[in-house]
Amino acid sequence: MADTYYEILKKRGFTRDEFLKGCTTLALMLGLDYSFAPKIAKALETQPRMPVIYLNLQECTCCLESFIRSAHPMMEDLLFNMISLEYQETLSVAAGDAVEQARRDVIRDYPGQYLVIVEGSIPVADGGIYTTIGGHSAEDILLETARDAIAVIAFGSCATNTCVQGAYPNPTDARRVREIVRNVPVIDVPGCPPIAEVITGTIVHILTFGTIPELTNLGRPKAFYNHRIHDTCQRRAFFDAGMFVEKFDDYGHKHGWCLYKVGCKGPTTYNACGVIQWNNGVSWPVQSGHPCMGCSEDNWYNDHTPFYERYQRFPGATVPRDPDRVGMAVTGATVVGVAAHGVATAVKKGKEKKKSEFHNNPENKA
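Last residue of the sequence shown: 366 (UniProt numbering), numbering continuous.
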């Protein structure tokens, strides 16, 4: 863990210019100006890789499955160059006492220097017997691990809002990370699962600046959770025009109309799905024809079911035409700025341009 990120890159044959270009890319990914690139370069030149402990508690591992598919930065770059992942049950070669000792070694040797990522809720019913590791409850392991951490990232909806485990009647009395960890900064990164680049971007911010990113009033990174799905949706124009899918596989569904009537929760859900998307920007659920389920919002599993029914009926109109009123009526949020539309449009046009260039290149034709 002694080598810095820059030292590792030099050993692998990267030039100084390539390193600086990478720093500029990181700045843009974090939503920062070009002028921040030198600060990022200085941090990566001087700071050793940060030890990371990744806990799997009451969850299904879908968040990790998303995490390892990050494209910016690539997961192998993050794991082998930027951080030192000391503990992760699914990825670790060691098991049993050996891997648990590795976790305790980090806590002992790097107080105030390590980062904790938590996937999963914490069951506290019946003494916490519903999730135990090495004979210890999830709550005890979390408290022991988090006590001297720089910060704790609650990764995924299980960790941030208890997700399906906390759905009524919540038989295990599942709790969110924020309810258990009190004296260490907690960053919520909700989603079922979250977008890979959201968690990697949050980690890179901490690595670069040594501080947690700017958060919303709900404790989420503002760079990724400050706008509604509705504000960056490719189907938004159909909502404004009153053109809705009435049932799956109808004419509107086949032609990309708005999915609000078949259960889309986009007007009340805050996330970056429509901008960043999944699998290196290939697509996301709404673009692929499936309504947003609002999985990044609190108590979503209870509040948003049945999933495929219209979420709300508003007095005065059978079909709401003003998405800002829709969002405010349901969430009490302030009106979101229109800048997100420009970002979404720019990203979409950039992807379409790349696809067009690829298909028009004679070398790519069979």
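Glycine included, each C-beta is placed from N, C-alpha and C at the ideal position.
Judged by DSSP in its simplified three-state form, ALA174 adopts strand.
Sixteen is the threshold: since fewer than 16 other Cβ atoms of the shown chains lie within 10 Å of the Cβ of GLY13, the residue is exposed.
When C-beta atoms of the stretch 141-154 are compared with those of the stretch 114-130, three or more pairs fall below 8 Å, so the two segments count as touching.
For GLU119, the uninterrupted beta strand (DSSP E) segment begins and ends at 115-119. The distance from the Cβ of ALA37 to that of THR46 is about 15 Å, inconsistent with a contact at the 8 Å cut-off. Following the DSSP letters along the chain, one finds PHE209 inside the alpha helix (DSSP H) bounded by residues 196-209. Between VAL245 and CYS258 the beta-carbon gap is near 7 Å, inside 8 Å, which marks them as a contact.
Secondary structure note for SER84: its beta strand (DSSP E) is the uninterrupted segment 83-88.
Judged by DSSP in its simplified three-state form, GLN287 adopts coil rather than helix or strand. Counting other Cβ atoms within 10 Å of its Cβ, GLY191 reaches 16 or more and is therefore classed as buried. Here ASP188 is bridged, per DSSP, to ALA154. The beta carbons of ALA159 and SER70 sit no closer together than 8 Å.
For the pair GLY134 and GLU89, the CB atoms are not nearer than the 8 Å cut-off. Counting C-beta pairs closer than 8 Å gives three or more between the stretch 76-88 and the stretch 197-207, which meets the contact rule. Check the Cα spacing between CYS163 and each of PHE224, HIS304 and LYS21: the tightest is with HIS304. For PRO123, the pairing in a beta bridge is given by DSSP as ALA174. Cβ contact annotation for ASP17 (same chain, cutoff 6 Å, sequence separation greater than five): none. DSSP links PHE67 through a beta bridge to no other residue. With fewer than 16 other Cβ atoms from the protein chains shown falling within 10 Å of its own Cβ, ASP109 counts as exposed. Contact between THR172 and LEU57 does not hold, since their C-beta atoms are separated by about 11 Å, which reaches or exceeds 8 Å. Segment contact: the stretch 226-241 against the stretch 259-278, three or more CB-CB distances shorter than 8 Å; contact assigned. In this structure the stretch 179-193 lies against the stretch 205-216, because at least three pairs of beta carbons, one per stretch, are closer than 8 Å.
Apart from the 5 residues on each side of it in sequence, ASP298 sits with its Cβ closer than 6 Å to the Cβ of ASN161 in its chain, given in chain order. Taking a C-beta distance under 8 Å as the contact criterion, CYS292 and PHE155 do not qualify as a contact pair. Distance check between ILE180 and each of VAL286, LEU143 and PHE67 places LEU143 closest, using alpha-carbon atoms only.
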